[in-house]
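Each residue of the sequence shown is one higher than the one before, starting from 693 at the first, in the numbering used here.
Backbone N, C-alpha and C define an ideal beta-carbon position, used for all residues, glycine too.
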Amino acid sequence: MTERLFKCPICSQYGKKENMIREEDKRYYHLEYCHTKWKRDRAFKLKEREEMDSLVSTIVRLHKLQSVATFPRTFYPFIQELRNDSVLFGKIERRYKEGLTYKTIEDTYLYCADKIEWAKGNKEFKNVMSELRYCFAIVKNNIENYFRDGKKLSKQKAETELLTSHVESMRDVNQVIIAAQNKAVQNNKEKIDITSLFD
Ligand SMILES: [Zn+2]
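Structure (structure tokens):
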């Protein structure tokens, strides 16, 4: 009887059970390379999913929409197009090796929060989709600005944190000095007390 072989979904080659591992999707993956790749791909997909969910809930919040559940499905392709935008990707890639992630899109949305608020208050939109698309164009146009200012902002933040920790350490130094001075005063008092015994 010939041994049963399993087709590995990663490399499409057949393998023996002892050289493979069965995953939760009930399929067999070659140990090491193929299985590692499967785990890596799964982690990537999960991260993408989480970042996408976070992005959508930010859009819902900024546009004051009812809920994520009622967020128009027809808007997803626009987001995905930007995620995969090779032109934009190429422009930013040189500086940001990770390219344009959902996280970056979300951060740019937050960066444009005031502009979105203004557009909502001053423009007439015929429906939610046209409002979303109009503001999405604002976001797209501000990605380079976000990278420029975002970097500046994080630098400022780092400097502020450094200053704060410096102030805190100075406070610690002062406390040590005050404690030492108090101790010195105390010692002097004791000295005086001792000498007073011989009066
Ligand atoms: Zn394989």
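Problem set entry | Delimiting residues of the alpha helix (DSSP H) encompassing F698 | Here residue 698 refers to the residue found at position 6 when the sequence shown is read from its first residue. Where F698 is concerned, there is no enclosing alpha helix (DSSP H), although the beta strand (DSSP E) it sits in stretches over L697 to K699.
For this session: Measure from the alpha carbon of R765 to the alpha carbon of each residue in M744, M862 and K718, then state which is nearest.
Result: Translated into positions along the sequence shown, residue 765 becomes position 73. Out of M744, M862 and K718, M744 has the C-alpha closest to the C-alpha of R765.
Problem set entry | Contact under 8 Å by Cβ, K815 with Y826 | Here residue 815 corresponds to residue number 123 of the sequence shown, with the count starting at 1. Here residue 826 corresponds to residue number 134 of the sequence shown, with the count starting at 1. In this structure, Y826 lies closer than 8 Å to K815 by Cβ.
Exercise. Exposed or buried, what is Q705 when buried is set at 16 or more other beta-carbons lying within 10 Å of its beta-carbon?
Worked result: The count along the sequence shown starts at 1 and reaches residue 705 at position 13. Exposed, since its Cβ has fewer than 16 Cβ neighbours within 10 Å.
For this session: Give the DSSP-derived three-state secondary structure of R719 in the structure shown.
Result: Stepping through the sequence shown from its first residue, residue 719 is reached at position 27. Coil, per DSSP.
Exercise. Using a Cβ-Cβ cut-off of 7 Å (strictly less than) and excluding sequence neighbours within five positions of K708, which residues of its own chain qualify?
Worked result: For the purposes of this step, residue 708 is identified with residue 16 of the sequence shown, where counting begins at 1. These residues qualify, in order along the chain: E695 and L697.
Exercise. Using a threshold of 7 Å, is the CB atom of C827 nearer than that to any non-hydrogen atom of ligand 1?
Worked result: Position 135 of the sequence shown, counted from the first residue, corresponds to residue 827. Answer for C827: no, Cβ out of range of ligand 1.
Exercise. To which residues of the same chain is T723 closer than 7 Å at the C-beta, ignoring the five residues directly before and after it?
Worked result: Position 31 of the sequence shown holds residue 723. Thr is not the amino acid found at residue 723; the sequence shown has Leu there. N711, M712 and I713, listed in sequence order.
Problem set entry | Cβ neighbour criterion (16 or more within 10 Å) applied to I835 | Position 143 of the sequence shown, counted from the start, is the residue given in the question as residue 835. Classification for I835: buried.
Exercise. What did DSSP end up calling K708 once you bin it into helix, strand or coil?
Worked result: By one-based count along the sequence shown, residue 708 stands at place 16. Of the three classes helix, strand and coil, the one that applies to K708 here is strand, per DSSP.
For this session: Could you pull out every residue in the same chain whose Cβ sits closer than 6 Å to the Cβ of E823, ignoring the five residues on either side in sequence?
Result: Taking the first residue of the sequence shown as 1, we reach residue 823 at position 131. Excluding residues within five positions, the ones whose Cβ falls inside 6 Å are F817.
For this session: Could you tell me the distance, in whole angstroms, from the CA atom of V877 to the CA atom of E853?
Result: The residue given as residue 877 occupies position 185 in the sequence shown. The residue given as residue 853 occupies position 161 in the sequence shown. Whole-angstrom Cα-Cα distance: 36 Å.
For this session: Spell out the partners DSSP gives R714 in its beta bridges.
Result: In the sequence shown, counting from the first residue as 1, residue 714 sits at position 22. Under DSSP, the beta-bridge partners assigned to R714 are Y720.
Exercise. If you measure from the beta carbon of K729 to each beta carbon in chain C, is any gap under 8 Å?
Worked result: Annotation note: the requested chain C is absent from the structure, which comprises a single protein chain.
Problem set entry | ligand 1 heavy atom lying under 7 Å from the CB of Y706 | Translated into positions along the sequence shown, residue 706 becomes position 14. No, the beta carbon of Y706 sits no closer than 7 Å to any heavy atom of ligand 1.
For this session: If I'm right that L754 touches F763 with Cβ under 8 Å, what's the distance once you round it to whole angstroms?
Result: Against the sequence shown, residue 754 aligns to sequence position 62. Against the sequence shown, residue 763 aligns to sequence position 71. Actually they do not touch by this definition, with Cβ atoms about 12 Å apart.
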